[in-house]
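What follows is a set of notes on a single structure, which appears directly below.
In the numbering used here, the protein residues as written are 30 to 530.
As structure tokens, this is what we get:
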């Protein structure tokens, strides 16, 4: 009996799925194998979910050769390496001998067994090996391919006249192997099914600048559109490790300057191209469970509000193993880069470093339509002002579901990927901190919080725009005060002159 109740608990799923049990049995005493699946309980006894019983003796002596299932393809190494004690050619030879048939004759693209010819399709061969074989003469055969041909014949043995039966292939909803080997034949070593260990990486992301970000606010003093911009980022699945830049206040053009570094650490499975992490499924869970997610970096741009909730402006998700290459300049960065399968592609795991511009996008809403109409009216009033021509396909696109996305801004970022060992040898600080600090950005003088700097607000947003009117009002006010004083003192002065003669 092989019971999985003693295996690791379900949160260690990888270990549960990859265990090898080897037992020496004798027929007919040890003819039945019982497989039991249990529900692990932290407190109390484990609960039986279900079990199945396998008649090993019947499998071993079956005409369908059920002792070791036929694989779909023949491989000499890897997780799908051939597990049987006999190779396909040996199995086919044994079948021919059992039924008193001539030895199988292997030809270039076919195998002859007695009077039956099995045509071998291209799919039965490894692609690169078949191409090499094509370059050789018809009578020049590579013995290594005979195993692939023999496996195809075994998979189609039911087509054999008179002696044909279906040989048992690999199958079953429970992913496990049951291999039976006679004791007089050396059993091959078990296939290495040890779970792959993830590689620990450190991803460093520097947010340099933004450009053309949506202006979501209206300045209360000047009536001009503006935004208080900041950028937020995280690795999907690790939302608890979100990081944010500081705020670039009062951006009047959508430009933001940050020089801000994010640092993320994660465990990555190169073959699956996924990150692994552990967390509790709910607040009632006593143990952490293991989860996997595609390695995706999410970047978002927001408008900061001191009084009300911050406003989401746009986002971009970059699959680290297969993402679009960044544009060299802001002008070359368009919304086309946010589409699926946009080219050229790039892998941070292969190239380790990348710098460029990427677009922020958002789903088009009624507010966006109203803002576009308002901007169009303002531009029509300023016909003399020179403005660049913008193509609609560079700032808007429709996906296959009919959803319309618009360009919400652009971000200049730099990515660097290191293993944890490499990162510990050359550490960096978060934000602009030591080690390897980043310089403070050279922001415009208008970049400040008007709410906590009323004097600067007056100077930059009221004085500069309404300077002529303010001076004129001051002159008028002084003249008015002077005239009022004259009118107020003149009657008394005249009366005094009359009385005194």
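Beta carbons: idealized from backbone N, C-alpha and C, even for Gly.
By the three-class DSSP mapping on this structure, what secondary structure does residue 197 have? coil
For residue 189, which of 310, 312, 140, 445 has the nearest alpha-carbon? 140
Which listed residue (314, 311, 283) has its alpha carbon closest to that of residue 343: 283
Complete alpha helix (DSSP H) runs within the stretch 66 to 115 (minimum length 4 residues, chain order): 85 to 90
Alpha carbon of residue 177 to alpha carbon of residue 59, nearest angstrom: 34 Å
Check whether the Cβ atoms of residue 266 and residue 304 lie closer than 7 Å to each other. When the beta-carbon positions are compared, residue 266 and residue 304 come within less than 7 Å of each other.
Can you tell me which of the three DSSP states residue 454 falls into? helix
Coarse secondary structure for residue 286, derived from DSSP in three states: strand
Which of the three DSSP states, helix, strand or coil, is assigned to residue 518? helix
Inter-residue Cα distance where the pair is residue 507 and residue 337: 41 Å
Cutting at 7 Å between CB atoms, please list the residues of its own chain near residue 368, excluding the five before and the five after it. Same-chain partners within the cutoff: 426.
Inter-residue Cα distance where the pair is residue 519 and residue 502: 25 Å
Same chain only: Cβ atoms within 7 Å of residue 413, ignoring 5 sequence neighbours per side: With a pLDDT of only 46 at residue 413, under the threshold of 50, the placement of this residue in the model should not be trusted, and no figure is reported.
Buried or exposed for residue 194, please, with buried defined as at least 16 other CB atoms from any protein chain shown within 10 angstroms of its CB. exposed
Range covered by the beta strand (DSSP E) that runs through residue 139: Following the DSSP letters along the chain, one finds residue 139 inside the beta strand (DSSP E) bounded by residues 139 to 142.
Using the three-state DSSP reduction, which class does residue 168 fall into: helix, strand or coil? With a pLDDT of 42 at residue 168, under the threshold of 50, the modelled position of that residue is not reliable, and the figure given next carries that caveat. DSSP places residue 168 in coil when its eight states are reduced to three.
Can you give the Cα-Cα distance for residue 463 and residue 456, rounded to whole angstroms? 9 Å
In its own chain, which residues sit with a C-beta less than 6 Å from the C-beta of residue 38, not counting the 5 before and 5 after it? With a pLDDT of 47 at residue 38, under the threshold of 50, the modelled position of that residue is not reliable, and no figure is offered here.
Among 55, 274, 238, the one whose alpha carbon lies nearest that of residue 209: 55
Through-space distance from residue 451 to residue 272, alpha-carbon basis: 22 Å
Using 8 Å as the Cβ pair cut-off and three pairs as the minimum, do the stretch 275 to 291 and the stretch 459 to 474 touch? yes
Any contact of the stretch 328 to 335 with the stretch 354 to 362, i.e. 3+ C-beta pairs under 8 Å? no
Are the CB atoms of residue 121 and residue 85 within a distance shorter than 7 Å? It is not a contact, given that the beta carbons lie outside the stated cut-off.
Between 268, 256, 294, 215, which has its C-alpha nearest residue 449's C-alpha? Ranking the options by Cα distance to residue 449, first place goes to 294.
Between the Cα of residue 316 and the Cα atoms of 65, 71, 66, 82, which residue gives the shortest distance? The candidate whose alpha carbon is nearest that of residue 316 is 71.
According to DSSP, is residue 415 part of a helix, a strand, or is it coil? Confidence in residue 415 is poor, its pLDDT being 45 and thus under 50, which makes the residue's placement unreliable; the coordinate value appears in the next sentence. Reduced to three states, the DSSP call for residue 415 is coil.
Just mark residue 313 as buried or exposed, buried being the case when its beta carbon has 16 or more other beta carbons within 10 Å. exposed
Range covered by the alpha helix (DSSP H) that runs through residue 378: For residue 378, the enclosing alpha helix (DSSP H) starts and ends at 377 to 380.
The alpha helix (DSSP H) with residue 117 in it runs from where to where? 117 to 127
Tell me the rounded alpha-carbon separation between residue 296 and residue 327. 17 Å
Rounded to whole angstroms, what's the CA-CA distance from residue 192 to residue 350? Just pull it up for me. 51 Å
If we count the other Cβ atoms within 10 Å of its Cβ and call it buried at 16 or more, is residue 93 buried or exposed? exposed
Nearest CA to the CA of residue 357: which residue from 309, 446, 243, 383? 383
Among the residues of its own chain, which have a CB less than 7 Å from the CB of residue 116, if the five just before and after it don't count? 176
Does DSSP classify residue 132 as helix, strand or coil? Residue state for residue 132 is assigned as coil, using DSSP reduced to three classes.
Which word fits residue 329, buried or exposed, when buried means at least 16 other C-beta atoms lie within 10 angstroms of its C-beta? With 16 or more neighbouring CB atoms inside 10 Å of its own CB, residue 329 falls in the buried class.
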